[in-house]
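I have placed the structure first, in the form of structure tokens, so that the comments after it can refer back to it.
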Amino acid sequence: MTGFHLKNNRWYSDGVPLSKVAEKVGTPCYVYSLPAFEARWKEIDQAYKSIPHLVAYSIKTNDNLSVIKTLAKLGSGADVVSGGELFKARKAGVPANKIIFAGVAKTDDEIAYALKEGIRFFNVESIPEIVAINGVAGKLRKIAPIAIRFNPNVDALTHHYISTGKKENKFGVFLGDLDKVMETVRRCQSVHWTGVHAHIGSQMTQTASVGKSARVVEQIVMKLRREGFPIHTVNLGGGYGIDYQGEKPPKPSQYASLVLPVIKRLNATLLLEPGRYISGNSGALLTKVVYVKQSGKKTFYIVDAGMGDLIRPALYEAYHRIAPVEGSQKPAQTVDVVGPICESTDFFAKNRKLPLVNRGDLLVVLSAGAYGSVMGSTYNSRPLAPEVVTRGNRFAIARQRQTREDLVRLEKFVL
Ligand code: LLP
């Protein structure tokens, strides 16, 4: 069986008992099932097999090099949003012509780096950015391939912190500025405009918004073609939701049934930037109970992982399933699961029914493969957790635990 599952009251990643990982690597520790990443990437790829397309994994969700390399071997591209992500994608073997570069604040230095690497295109987010890319490309005597990200003003119906396609969001170009964009691109000799991009939000759990966004994009592409722009690529972003707590998110094939007719009508190449769908349920955070603390009527399971390891509950009040690595059959009680960090938002669960545990027991925080380790910090001078990958009965450390020495490596006493 691939991915995370319970067998005889023990949690596994693939064929590896999580208790074995904890014993060898310690806690806190991220564990990723490489076959689970592969299966989910393939599911999306399959859904669009009837048209020319590229699934460019959004590496902001999980940029572990072994993970990226695993997907690159399947033919994945990469959606990157910084020079650092571009560097990691290239290092993990993603061909430059499968890399697309989004983000509202690309610097001249990042633009130059991406042009030298020869990426597929920039997802441009504003008119000043078109001008900047044109300037850098001109100096390098290159023509920069661009797609323009439009803000389709479609509500992704998700948490307001992760909604990106409404007109009040900072992302993409305002639809009313289409004429200005055309004017700007016509003046810019060193950019070549071939794509239209829209990404409306993350953790979507219904298909309607994607359908709406695709139809807005279709209108834009048709207008641009009439105006003489050779638009042949449509990038519909990412955002496919996953099951954190019993949501029933659509399958990629359900999104595809809305998107395929549009792309076929346009006779375009489709790009997709899924992140969470591939990584979210392919990873988990392993942690150990340091203390069981009784405080009046409340019971706290105080664990050795904190918001520095997984900030989603603190930042979005996100729900993650939690289970004892062994011993799920014990009687349950209502508890808060909290971390070691000096913040009241440092929690993984509040008023959650969980089996009784003892000091030293292991817990697994599930669905932590996306926006987990990547959003980690060393707040409270806590070294970053290691990352372990599994395949079959094997596991290996893909990123070492940071050491205390690492925490001070870039510092010196000055002045
Ligand atoms: N493309 C663009 C332009 C994006 O901004 C994002 C995510 C993606 C693709 C990938 O979206 P996905 O398929 O993973 O939904 N930290 C938040 C989520 C932030 C989303 C940022 N953009 C969380 O933990 O829920």
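Going by the numbering used here, the first residue of the sequence shown is number -5, and it counts up by one from there.
Just so you know, even glycine gets a beta-carbon here, dropped at the ideal spot from N, CA and C.
Check: Limits of the alpha helix (DSSP H) - the one that A16 falls within; Outcome: L12 to V19
Check: Length of the line joining the Cα atoms of K136 and N128; Outcome: 9 Å
Check: C-alpha gap between G71 and L409, whole angstroms; Outcome: 46 Å
Check: Environment of Y249 [buried if 16+ CB atoms lie within 10 Å]; Outcome: buried
Check: With 16 other Cβ atoms within 10 Å as the buried cut-off, status of G(-3); Outcome: buried
Check: N- and C-terminal bounds of the beta strand (DSSP E) containing G71; Outcome: G71 to V74
Check: Under the three-state DSSP convention, the category Q288 falls into; Outcome: strand
Check: Stretch-stretch touch, CB-based, cutoff 8 Å, three pairs: the segment 339 to 352 with the segment 46 to 53; Outcome: no
Check: With 16 other Cβ atoms within 10 Å as the buried cut-off, status of Y365; Outcome: buried
Check: Stretch pair the segment 233 to 251 + the segment 213 to 224: three plus CB contacts closer than 8 Å; Outcome: no
Check: Cα-Cα separation, I305 to K217; Outcome: 42 Å
Check: Span of the alpha helix (DSSP H) around L48; Outcome: That residue, L48, is in no alpha helix (DSSP H); its beta strand (DSSP E) goes H47 to S52.
Check: Candidates E267, I62, P334 and S375: closest to T413 by CA position; Outcome: With the chain covering -5 to 409 only, the question about residue 413 has no answer from this structure.
Check: Bridge partners - P318, DSSP secondary structure assignment; Outcome: L357
Check: Beta-carbon proximity of G87 to K63, cut-off 8 Å; Outcome: yes
Check: Cβ neighbours of A106 in the same chain (closer than 6 Å, five flanking residues each side left out); Outcome: V130
Check: Cβ-heavy atom distance, T339 to the ligand LLP, below 7 Å; Outcome: no
Check: Secondary structure of M301, DSSP reduced to three states; Outcome: coil
Check: Assumed close pair G166, I225 - CB separation to whole angstroms, cut-off 8 Å; Outcome: Wrong, their Cβ atoms sit about 16 Å apart, outside the cutoff.
Check: Distance cut-off 7 Å: Y373 Cβ against heavy atoms of the ligand LLP; Outcome: no
Check: beta-carbon A364 near the ligand LLP non-hydrogen atom, thresh 7 Å; Outcome: yes
Check: Through-space distance from D8 to V253, alpha-carbon basis; Outcome: 33 Å
Check: G112 CB to nearest heavy atom of the ligand LLP below 7 Å; Outcome: no
Check: Beta-carbon proximity of Y24 to A379, cut-off 8 Å; Outcome: yes
Check: Backbone secondary structure at D8 - three-state DSSP; Outcome: coil
Check: Residue environment, E17, which counts as buried when at least 16 other CB atoms sit within 10 Å; Outcome: exposed
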